[in-house]
Amino acid sequence: MRASFALRHGETAITGKYHTAPIKIAKTFPLDGQLGVMMMDVSPGLLAGDGYELSWQAGRDTRLYLTNQSYTKVHPCPDGTSASMKQRFLVDDGAYIENMMEPVMLYKDAAYTNETEVFLGRGSVWMQAEVLSPGRLLRGEKFQYRRYDNRMRVYYEEEMIFAQRQLIEPATQQLDAPGAWEDWSHIGSFYCFSDAIESVHADTLRAALQALPERLGQPIKYGVSLTYRHGLAVAVAGHTAWQLQELLQSAWTVMRCELMKLPPIRFRK
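In terms of numbering that gives the first Met the number 0, the sequence shown is residues 0 to 268.
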């Protein structure tokens with residue numbers, strides 16, 4: 000799927016799109032000066048051998064909020080097979096992209112590779128939140144997937160400023176070891192990249208998260224740090240997807256206000 004966006008009469012508008020089944024843009028909708036984009040997967044999820052490729056091109060000064068309808072579900076993959084998703088974000092000067100997708104759910108014996116590339120222009124902002132579920136817990140599938148390979152690279156004016164790889168193979172790793180996952184089941188992350196990010200933003204975000212109310216019986220652990228250049232990262236661990244989503248949404252709201260001077264998104268009924 001490919002989609003491009005540009006300003007038309009001062010508003011962000013979709014100027015081109017192409018897709019092949021089973022993924023498509025279900026709809027676009029206005030969001031107080033932004034354009035919301037809802038992506039749909041009309042299949043049950045990614046099956047063995049499936050490969051999704053998505054390209055998002057945000058023209059100068061556009062404002063995009065991207066989301067999807069439901070969890071990204073990855074079905075069992077027999078040995079030697081896997082499913083994959085590759086996403087590329089081209090964020091022109093002064094453009095904003097907020098990529099806020101639903102969690103990833105890996106079924107028993109699933110193998111999944113997720114690759115993300117981001118290309119930033121001057122004054123642009125790119126944010127993303129991710130939550131990884133350990134499997135269908137009510138079916139007893141906790142950490143029964145085969146492989147999760149998550150990679151990200153971020154470029155600012157053609158210079159790579161961030162690269163990371165997360166490789167999880169539950170059958171061969173001691174996930175419950177001290178200093179690893181211990182007894183946590185769900186992990187999540189929030190990334191924000193912009194040439195406007197300074198150390199004060201990490202301090203502000205850390206203070207905002209510390210002020211969130213504690214939920215009895217729902218412990219959570221998180222950390223906030225700056226990246227090598229022009230970036231900020233939040234890592235969080237917990238026992239349910241919703242509690243991670245709640246914290247990451249708070250981080251997103253703070254950075255929307257700090258960098259973009261925008262209020263929280265309020266969805267119209």
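Where is the CB? At the ideal position from N, CA and C, for every residue including glycine.
The region 163-175 touching the region 203-223, judged by at least three CB pairs closer than 8 Å:
No, the region 163-175 is not in contact with the region 203-223.
Using 7 Å as the threshold, is the C-beta distance between N113 and M84 below it?
Going by C-beta atoms, N113 is nearer than 7 Å to M84.
Using beta-carbon positions only, say whether A109 and V73 come within less than 7 Å of one another.
With a cutoff of 7 Å on beta-carbon distance, A109 and V73 are scored as near each other.
Report, in whole angstroms, the separation of the C-beta atoms of Q217 and H238, which I expect to be a contact under 8 Å.
That pair is a contact at about 7 Å.
In whole angstroms, give me the CA-to-CA distance for K23 and G187.
About 25 Å.
Own chain partners of L45 with C-beta closer than 6 Å, once the 5 adjacent residues on each side are dropped
Spatial neighbours of L45 in its own chain (CB-CB distance under 6 Å, excluding positions within 5 residues in sequence) are listed in chain order as V73, A82.
Got a sec? Which residues, its chain only, sit under 6 Å from G35 by beta carbon, not counting five neighbours each side?
Counting only Cβ-Cβ distances below 6 Å, and skipping sequence neighbours, we find F28, Y64.
Assuming D91 contacts G120 (C-beta within less than 8 Å), just tell me the rounded distance between them.
Contact check for D91 and G120: beta-carbon distance about 5 Å, within the 8 Å limit, so the pair qualifies.
Taking all protein chains shown into account, decide if T115 is buried (16 or more other Cβ within 10 angstroms of its Cβ) or exposed.
Buried, since its Cβ has 16 or more Cβ neighbours within 10 Å.
Do you know how far the Cα of M100 is from the Cα of M37?
Spanning the two alpha carbons is a distance of roughly 10 Å.
Considering just the uninterrupted stretch of the beta strand (DSSP E) at M84, what are its terminal residues?
Start and end: 82-90.
When we look at the beta-carbon of D40 and count the other beta-carbons within 10 Å, is it buried (16 or more) or exposed?
Of the residues assessed, D40 falls on the buried side of the cut-off, its CB having 16 or more other CB atoms within 10 angstroms.
Would you mind reading off the limits of the alpha helix (DSSP H) that contains C191?
Premise fails: C191 lies in the beta strand (DSSP E), 185-193, not in any alpha helix (DSSP H).
Just to confirm the assignment, what range does the alpha helix (DSSP H) spanning A207 have?
Bounds of the alpha helix (DSSP H) holding A207 are 198-209.
Using the three-state DSSP reduction, which class does E140 fall into: helix, strand or coil?
Note: E140 maps to coil in three-state DSSP.
Nearest CA to the CA of L6: which residue from L258, R62, L204, A201?
Considering only alpha carbons, the answer is R62.
Just verifying my parser: in three-state terms, what is the DSSP assignment at W251?
In the structure shown, the three-state DSSP call for W251 is helix.
Looking at the C-beta of Q165, does it have a partner C-beta in chain B at a distance below 7 Å?
Protein chains in the displayed structure number just one, and chain B is not present.
Note down the Cα distance separating R87 from A240, rounded to an integer number of angstroms.
Each residue's alpha carbon lies about 25 Å from the other.
Under 7 Å between C-beta atoms of S193 and L247
No, they are not a contact pair.
Does the Cβ of K268 have 16 or more other Cβ atoms within 10 Å, making it buried, or fewer, making it exposed?
Annotation note: pLDDT 40 at K268 (below 50); position unreliable, no value reported.
So, with DSSP's three-state summary, where would you put M259?
Here M259 sits in helix by DSSP.
Closest Cα partner of N138 within the set L105, A47, L211, Y17
Contrary to the premise, residue 138 reads as Arg rather than Asn in this sequence. For R138, the nearest C-alpha among the options comes from L105.
Pull up the DSSP beta-bridge partners for V124, would you.
The secondary-structure analysis by DSSP pairs V124 across a beta bridge with Y95, S193.
L30 beta carbon less than 7 Å from that of I196:
Result no, Cβ atoms of I196 and L30 do not sit closer than 7 Å.
Extent of the continuous beta strand (DSSP E) to which D49 belongs
Boundaries for D49: no beta strand (DSSP E) harbours it, and the DSSP string shows neither H nor E there.
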